[in-house]
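Here our numbering is used: the first residue of the sequence shown is 20, the next is one more, and so on.
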Amino acid sequence: MSAFIQQLPALIGVVIGALGSYLAIVRGDRARFDRERVVRWEEQRYTVYVDWARALKQTITLNYRVAAHLGNDPHPHPLSAEDAEPLMTQAQIDRDPYGEALILLGSPAVVDRAQEWVSTVMAMEAFLREARRDPEGWQALLDRQRTGRQRYYAAVREDLSLPTGHSGRWPAAPTG
Numbered sequence: 020m021s022a023f024i025q026q027l028p029a030l031i032g033v034v035i036g037a038l039g040s041y042l043a044i045v046r047g048d049r050a051r052f053d054r055e056r057v058v059r060w061e062e063q064r065y066t067v068y069v070d071w072a073r074a075l076k077q078t079i080t081l082n083y084r085v086a087a088h089l090g091n092d093p094h095p096h097p098l099s100a101e102d103a104e105p106l107m108t109q110a111q112i113d114r115d116p117y118g119e120a121l122i123l124l125g126s127p128a129v130v131d132r133a134q135e136w137v138s139t140v141m142a143m144e145a146f147l148r149e150a151r152r153d154p155e156g157w158q159a160l161l162d163r164q165r166t167g168r169q170r171y172y173a174a175v176r177e178d179l180s181l182p183t184g185h186s187g188r189w190p191a192a193p194t195g
């Protein structure tokens, strides 16, 4: 019995060491899993943010083309409202799933900025449906749309902890 008592401190040390190693491994694995999960969701949000913006941009480009047909915009490829209608419908259909993913995965601030941006795009569409020939009114909508886009991207950058980016405001190409 005295030999067992003499070995007991070493046995307790081995048990404590094994338990400590097990706990350290479990904590490390848990921390790695948590980091990987955060990265995975950030990648998903990034993809959703970009896909939604790209789909909305298709509608915006069509709006520019119709506005050019009406004489409101200098876009080099005018398109009549009649010719644009099926393209606009398809752009809306294509955008809807991205909007749902945005609502599901996006931060509240990004979703709010997206709503502001798309509301302005819808106002642009209404302007064009009325076949208005008002370059100043169109320019005001363009400015609102560009501000909406800038605010959306700023919210995305903040949500994804990205550095501040470009405003996205390009100088207008000279006409004439």
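Note that beta-carbon positions come from the ideal geometry of N, C-alpha and C, so glycine has one too.
Arg151 (DSSP reduced to helix, strand or coil)
coil
Spatially closest choice to Asp70 from Gly118, Ser40, Ala128 and Leu30, by CA coordinates:
Gly118
With a threshold of 7 Å on Cβ separation, who are the neighbours of Met107 within its own chain once the five nearest residues in sequence on each side are excluded?
Excluding positions up to five away in sequence, the list reads Thr78 and Leu81.
Between the segment 119-132 and the segment 46-65, do three or more beta carbon pairs fall short of 8 Å?
yes
Could you tell me the distance, in whole angstroms, from the CA atom of Ile122 to the CA atom of Pro116?
Rounded to the nearest whole angstrom, the C-alpha separation of Ile122 and Pro116 is 10 Å.
Among Trp60, Ser99 and Arg84, which residue has its Cα nearest to the Cα of Pro93?
Scanning Trp60, Ser99 and Arg84 for the CA closest to the CA of Pro93 turns up Arg84.
Pair within 8 Å by beta-carbon distance, Thr183 and Gln164:
no
Under the three-state DSSP convention, the category Thr8 falls into:
A query on residue 8 cannot be resolved here, the shown segment of the chain reaching from 20 to 195 and no further.
Would you mind working out which of Trp60, Ile112 and Ala87 sits nearest Ser99, comparing C-alpha positions?
Per the Cα distances, Ala87.
Report yes if the C-beta distance between Arg46 and Ala74 is below 8 Å; otherwise report no.
no
From the DSSP output, in three-state form, read off Gly118 for me.
Note: Gly118 maps to helix in three-state DSSP.
Short check: CB of Ala72 to CB of Tyr171, under 8 Å?
yes
Taking DSSP as the reference, what is the three-state secondary structure of Ile31?
helix
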